[in-house]
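Residues in the sequence shown are numbered from 15 upward in steps of one, following the numbering used here.
Each remark here refers to the structure printed beneath this line.
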Amino acid sequence: MYSAIVNILNEILTKVGECMDERLRRLKDKANKLPLTPGVYIMKDKNKNIIYIGKAKALKNRVSQYFGAQEKHLNKVRKMVENVEDFDYILTDSEFEALVLECSLIKQNMPKYNILLKDDKGFSYIKITKGNWRNIYAVLQKDDSNSDYIGPYTAGFSVTKAVEEAKKVFKLPTCNKVFPRDIGKDRPCLNYHLGLCCAPCSGKLPLSEYEKNVENALDFLQNGSKKTIKNLTKQMEEAAEKLDFEQAAKIRDTIRSIEKVGSNQKVVSSTYKVQDVFALSVMDGKACWAVLRFEDNKLVDSEHFFTDEGESIAEMRAELITSYYSLNRKIPPRIELDGEIADSENIAKWLSEKRGTNVSLVIPQKGEQAKLVDMCKANAMQKLTEKYRCNDRSREALEELAMMLGLKATPEYIEAYDISHTGGSDNVAGMVVFKDGKPLKSGYKRFAVRGFSGQDDYRSMEEVLSRRFEEFYKHKEQGVTVGFGRLPDLILLDGGKGQVNAVLPLLSQYGIDVPVFGMVKNSKHRTSAISTAGGRIDFNSRKKAFNLVTNIQDEVHRYSVAYHRKKHTKSALSAALTDIKGIGEKKAKNLMIKFKTLEAIGKADKEALMSVPGVTEANAIEIIKAFKGE
Numbered sequence: 015m016y017s018a019i020v021n022i023l024n025e026i027l028t029k030v031g032e033c034m035d036e037r038l039r040r041l042k043d044k045a046n047k048l049p050l051t052p053g054v055y056i057m058k059d060k061n062k063n064i065i066y067i068g069k070a071k072a073l074k075n076r077v078s079q080y081f082g083a084q085e086k087h088l089n090k091v092r093k094m095v096e097n098v099e100d101f102d103y104i105l106t107d108s109e110f111e112a113l114v115l116e117c118s119l120i121k122q123n124m125p126k127y128n129i130l131l132k133d134d135k136g137f138s139y140i141k142i143t144k145g146n147w148r149n150i151y152a153v154l155q156k157d158d159s160n161s162d163y164i165g166p167y168t169a170g171f172s173v174t175k176a177v178e179e180a181k182k183v184f185k186l187p188t189c190n191k192v193f194p195r196d197i198g199k200d201r202p203c204l205n206y207h208l209g210l211c212c213a214p215c216s217g218k219l220p221l222s223e224y225e226k227n228v229e230n231a232l233d234f235l236q237n238g239s240k241k242t243i244k245n246l247t248k249q250m251e252e253a254a255e256k257l258d259f260e261q262a263a264k265i266r267d268t269i270r271s272i273e274k275v276g277s278n279q280k281v282v283s284s285t286y287k288v289q290d291v292f293a294l295s296v297m298d299g300k301a302c303w304a305v306l307r308f309e310d311n312k313l314v315d316s317e318h319f320f321t322d323e324g325e326s327i328a329e330m331r332a333e334l335i336t337s338y339y340s341l342n343r344k345i346p347p348r349i350e351l352d353g354e355i356a357d358s359e360n361i362a363k364w365l366s367e368k369r370g371t372n373v374s375l376v377i378p379q380k381g382e383q384a385k386l387v388d389m390c391k392a393n394a395m396q397k398l399t400e401k402y403r404c405n406d407r408s409r410e411a412l413e414e415l416a417m418m419l420g421l422k423a424t425p426e427y428i429e430a431y432d433i434s435h436t437g438g439s440d441n442v443a444g445m446v447v448f449k450d451g452k453p454l455k456s457g458y459k460r461f462a463v464r465g466f467s468g469q470d471d472y473r474s475m476e477e478v479l480s481r482r483f484e485e486f487y488k489h490k491e492q493g494v495t496v497g498f499g500r501l502p503d504l505i506l507l508d509g510g511k512g513q514v515n516a517v518l519p520l521l522s523q524y525g526i527d528v529p530v531f532g533m534v535k536n537s538k539h540r541t542s543a544i545s546t547a548g549g550r551i552d553f554n555s556r557k558k559a560f561n562l563v564t565n566i567q568d569e570v571h572r573y574s575v576a577y578h579r580k581k582h583t584k585s586a587l588s589a590a591l592t593d594i595k596g597i598g599e600k601k602a603k604n605l606m607i608k609f610k611t612l613e614a615i616g617k618a619d620k621e622a623l624m625s626v627p628g629v630t631e632a633n634a635i636e637i638i639k640a641f642k643g644e
């Protein structure tokens, strides 16, 4: 029986191979009949859809190459050729005409296998929230009627950098806290201690002083550093005249910070007033194309694009350049490149005609311009490494997991959730984040389940995910794209299909399109499978994916249990206090905040106890009696 099946399969494969060979022979015969003249060729699939458009100096030579020995082609080209059922061609009088026609047809048809750069260069804005305790953000669109906007600007990179520098210099908060709502709710974070934030969360900063920082930041963004320094110098002198030397010193430090920012910006400058700098980095079949744009000798924008490696680096540069400027982008008079570009004369002519004046394509060999190209290339390699090589082992594990779960793309940003409680009391949840296969501890979050009492893991998970999605939309409105402001590529829940089914309706309710799976443990409390809404997926031989999911499940369990133990301990301590006459939960909490331990409370005298908010003299006497056993 087995041998019969093998024979049938071999026959099928043989026939498929014969059909492919026949298709390639047919296409090559057609290609060999093409003239040795310039033109554009148009590859089509079996449904007559255009899948690739190219140009050639000699159509016959170029097109016939595709249908020769397939092992000589890169993976991308082989995939394209596998889908070619027929091709058309258009003859032109020159290579230049072929280039112009190719660019036009690509823009019209957007073929699948051409390098297509998304034209996402919309406008950017500086967003200023209204009311007291305003803040400043760099955003891509006006999406909040309760905010003011400055703009639009075309250089999103510059807007983002400018806002970052303004917030750093004038010590505006960069966290996700909302003011005045979160004032006094928590201690200042590390940024305050590093001198990077004025910490309105502390409750000690006057609103008037904070608003002055905001106004100075807006002045810096709108009028530039020179005018801001002039205005601040005047404020410093006025403060000194009033003998307010502390305020004068603060303003002096701000001026120095602005000057430092200005000196740092001079590092990234250009010899030429207006130019674009391009560099290409290739690694393991993938490529990243980086662009630095200069105006008035200063870096105003930075972009990067990812694509598959081409058969020739020089041809890749040509295809990328034409694709980039086919979009509605401003063409500079000078373009710096990191190496040779195919058909450079025609591309320079095409760019010059589009611009209306001469455009130079330059490969700098030394000096400051060469350093700019090197910097651009280093940026491209860094982006490429970040995207495709978190490390080889992690990448393989993520790709294996994506294949196992049937995901559209590799899950580079994963959120995992676990519920922890003791007999239905002190319900909490932990959320951990894995980025590029490694824990991202800055993204970890803790939740105290408060929507109900008692034990119900499904309702707990539903509440936690609901709050997480609500936070996403709040952050989105504020233009925040980190932390809760971004959605994960994959959500993993500690549990089976019950947990998965509990949260799936939420995704539809909130309009969230993120795949959700459960992590199932066996009787020995070890990861054993992935749970879906209707069943389970066993790991089988997918060892790398298994190890990754095991690490995620162990980490989220550890994190949620640690939080639960901490909360449960506090609850137990508070319960010991609430047994005392006149001491409720609020007073017990305040006592624990003040003294930290029951032992310290027992040693405290009446005056120390009465210093705690809400604790009266009568309460203090009862506490002392309780600890003395009276």
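Ideal Cβ positions, reconstructed from N, Cα and C, are used throughout, including at glycine.
* Asked: How would you label A83, buried or exposed, when you count the other beta carbons within 10 angstroms and need 16 or more for buried?
  -> One-based indexing of the sequence shown puts residue 83 at position 69. Exposed: under 16 other Cβ atoms inside 10 Å.
* Run through DSSP, which three-state label would M297 get? -> One-based indexing of the sequence shown puts residue 297 at position 283. Strand at M297.
* Alpha-carbon spacing of K287 relative to A231, whole angstroms -> Numbered from its first residue, the sequence shown carries residue 287 at position 273. Numbered from its first residue, the sequence shown carries residue 231 at position 217. Using only the alpha carbons, I get a separation of about 27 Å.
* So, is F560 buried or exposed, given that buried needs 16 or more other C-beta atoms within 10 angstroms? -> The residue given as residue 560 occupies position 546 in the sequence shown. Buried, since its Cβ has 16 or more Cβ neighbours within 10 Å.
* Taking the beta strand (DSSP E) that A83 falls in, what are its first and last residues? -> As a first step, residue 83 is located in the sequence shown; it is residue number 69 there, counting from the start. From DSSP, A83 is part of no beta strand (DSSP E); its letter is neither H nor E.
* **Sheet register partners of I544 (DSSP bridge)** => Your numbering for residue 544 matches position 530 in the sequence shown. BP columns for I544 point to M533, I551.
* To do: Give the DSSP-derived three-state secondary structure of G68 in the structure shown.
  => The count along the sequence shown starts at 1 and reaches residue 68 at position 54. Strand.
* **Reference P52; option with closest CA among V153, R40, L38, K69** => Locating residue 52 in the sequence shown gives position 38, where the first residue counts as 1. For P52, the nearest C-alpha among the options comes from K69.
* Own chain, CB closer than 7 Å to G628, minus 5 neighbours either side, in chain order -> To locate residue 628, count along the sequence shown from 1; it is residue 614. So the list reads K600, K601, N604, once near-sequence residues are dropped.
* To do: Determine the extent of the alpha helix (DSSP H) in which R369 is found, giving its start and end residues.
  => One-based indexing of the sequence shown puts residue 369 at position 355. It spans 358-369 - the alpha helix (DSSP H) in which R369 sits, taken as one unbroken run.
* With respect to the alpha helix (DSSP H) encompassing T336, which residues constitute its N-terminal and C-terminal limits? -> Residue mapping note: residue 336 aligns to position 322 of the sequence shown, counting from 1. Here the alpha helix (DSSP H) through T336 covers 327-340.
* Would the region 303-315 and the region 379-391 be scored as touching if the rule is three or more Cβ pairs under 8 Å? -> yes
* In terms of DSSP beta bridges, what is P453 paired with? -> Here residue 453 corresponds to residue number 439 of the sequence shown, with the count starting at 1. For P453, which the question treats as bridged, DSSP gives the partners F448.
* **Whether M475 touches K459 by CB criterion (8 Å)** => Position 461 of the sequence shown holds residue 475. Position 445 of the sequence shown holds residue 459. No. Outside cutoff.
* E252 versus K240, K241, I265, residue with shortest Cα-Cα distance -> One-based indexing of the sequence shown puts residue 252 at position 238. Per the Cα distances, I265.
* Asked: Can the beta-carbon of V447 be found less than 8 Å from the beta-carbon of I428?
  -> Here residue 447 refers to the residue found at position 433 of the sequence shown. Here residue 428 refers to the residue found at position 414 of the sequence shown. In this structure, I428 lies closer than 8 Å to V447 by Cβ.
* Please determine, among K58, W147, V153, L506, the residue with the shortest C-alpha to C-alpha distance to V494. => Stepping through the sequence shown from its first residue, residue 494 is reached at position 480. Minimum Cα distance to V494 is reached at V153.
* Asked: Excluding five sequence neighbours on each side, which residues of the same chain lie with their C-beta closer than 8 Å to the C-beta of L520?
  -> Position 506 of the sequence shown, counted from the start, is the residue given in the question as residue 520. Only E476, L479, S480, F483, I526 meet the Cβ criterion.
* Asked: If we ignore side chains and look at the alpha-carbon of each, how far apart do F292 and N393 end up?
  -> Translated into the one-based positions of the sequence shown, residue 292 becomes position 278. Translated into the one-based positions of the sequence shown, residue 393 becomes position 379. Near 11 Å, if we compare the C-alpha coordinates of N393 and F292.
* **Residue span of the alpha helix (DSSP H) that contains F101, given as start and end** => On the sequence shown, residue 101 is found 87 positions in, with the first residue counted as 1. Not the alpha helix (DSSP H): F101 falls in the beta strand (DSSP E), residues 100-105.
* Close Cβ partners of F319 (< 6 Å) along its chain, the five nearest in sequence each way excluded -> For the purposes of this step, residue 319 is taken as the residue at position 305 of the sequence shown. The answer, listed in chain order, is L131, W303.
* Asked: When the Cα of Q289 is compared with those of Q523, A301, V373, which residue comes out closest?
  -> As a working mapping, residue 289 is identified with position 275 in the sequence shown. The shortest C-alpha separation from Q289 is found at V373.
* Asked: V534 and G549: beta carbons closer than 8 Å?
  -> For this step, residue 534 is matched to residue 520 along the sequence shown. For this step, residue 549 is matched to residue 535 along the sequence shown. No, the pair does not count as a contact, with Cβ atoms beyond the cut-off.
* Asked: Between D471 and the rest of its own chain, which residues show a CB-CB distance below 6 Å, the 5 nearest in sequence each way excluded?
  -> Position 457 of the sequence shown, counted from the start, is the residue given in the question as residue 471. These residues qualify, in order along the chain: I433.
* Going by C-alpha distance, which of T424, V442, S456 is nearest R473? -> On the sequence shown, residue 473 is found 459 positions in, with the first residue counted as 1. The option with the nearest alpha carbon to R473 is V442.
* Quick one: grab the DSSP three-state call for G31. => Here residue 31 refers to the residue found at position 17 when the sequence shown is read from its first residue. Interpretation of G31 is limited by its pLDDT of 48, a score under 50 that renders its predicted location unreliable; no figure is taken from the coordinates.
* What's the C-alpha gap between I615 and F609? -> For this step, residue 615 is matched to residue 601 along the sequence shown. For this step, residue 609 is matched to residue 595 along the sequence shown. Rounded to the nearest angstrom, the two C-alpha atoms are 6 Å apart.
* Asked: By Cβ distance, which residues of its chain are closer than 6 Å to K397, with the 5 residues on each side in sequence left out?
  -> Taking the sequence shown and counting its residues from 1, the one referred to as residue 397 is at position 383. Contacts found: C302, H318.
* To do: Quick one: which unbroken alpha helix (DSSP H) runs of 4-plus residues sit fully inside the region 554-637? Chain order, please.
  => 557-592, 599-609, 612-617, 620-624
* Under 8 Å between the Cβ atoms of L235 and A176? -> Counting from one through the sequence shown, the residue named residue 235 turns up at place 221. Counting from one through the sequence shown, the residue named residue 176 turns up at place 162. Result yes, Cβ atoms of L235 and A176 sit closer than 8 Å.
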